[in-house]
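Trainee: Numbering (my numbering), first residue to last: 1 to 103.
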């Protein structure tokens with residue numbers, strides 16, 4: 001029996017009938033990639049479009065402070081109706097590097 005979804009599917013849904021297991025997903029990924037066989041040392045400016053053969057780590061934090069590079073809205077799930085449209089009110093803004101001090 002196929003489940004009928006009466007609302008737009010979203011990440012809060014309890015299941016996704018088209019989803020596969022983690023093991024199946026990893027198997028699909030592994031079947032489509034191959035390991036690097038050779039490495040060569042090149043000047044950094046010649047490396048565009050290539051894959052690094054070694055882990056690259058910065059010796060300093062970049063940026064030097066906690067940072068979120070995401071734009072968006074935070075909405076409590078209980079503010080959204082099961083169906084229909086909700087009108088929400090913006091209660092504040094949190095600019096990059098500055099925490100929101102509201103509730």
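Even for Gly, the Cβ is constructed at its ideal location relative to N, Cα and C.
Starting from residue 102, follow the alpha helix (DSSP H) in both directions and report where the run begins and ends.
Mentor: No alpha helix (DSSP H) holds residue 102; DSSP gives it neither H nor E.
Trainee: Quick check on this structure: which residue in 81, 73, 52, 66 has the alpha carbon closest to the alpha carbon of residue 97?
Mentor: Closest option to residue 97, Cα to Cα, is 66.
Trainee: At 4 residues or longer, what runs of the alpha helix (DSSP H) sit wholly inside the stretch 9-73?
Mentor: Counting only runs of 4 or more, we get 22-32.
Trainee: Among residues of its own chain, excluding the 5 on either side of residue 102, which ones have a beta-carbon nearer than 7 Å to its beta-carbon?
Mentor: The residues are 91, 92.
Trainee: Determine the DSSP secondary structure at residue 94, reduced to helix, strand or coil.
Mentor: If DSSP states are grouped into helix, strand and coil, residue 94 belongs with coil.
Trainee: Among 61, 42, 59, which one has its Cα closest to the Cα of residue 52?
Mentor: Nearest of 61, 42, 59 to residue 52, Cα basis: 42.
Trainee: Nearest by alpha-carbon distance to residue 104: which of 54, 88, 25 is it?
Mentor: Since the displayed the chain opens at 1 and closes at 103, residue 104 lies outside it and no answer follows.
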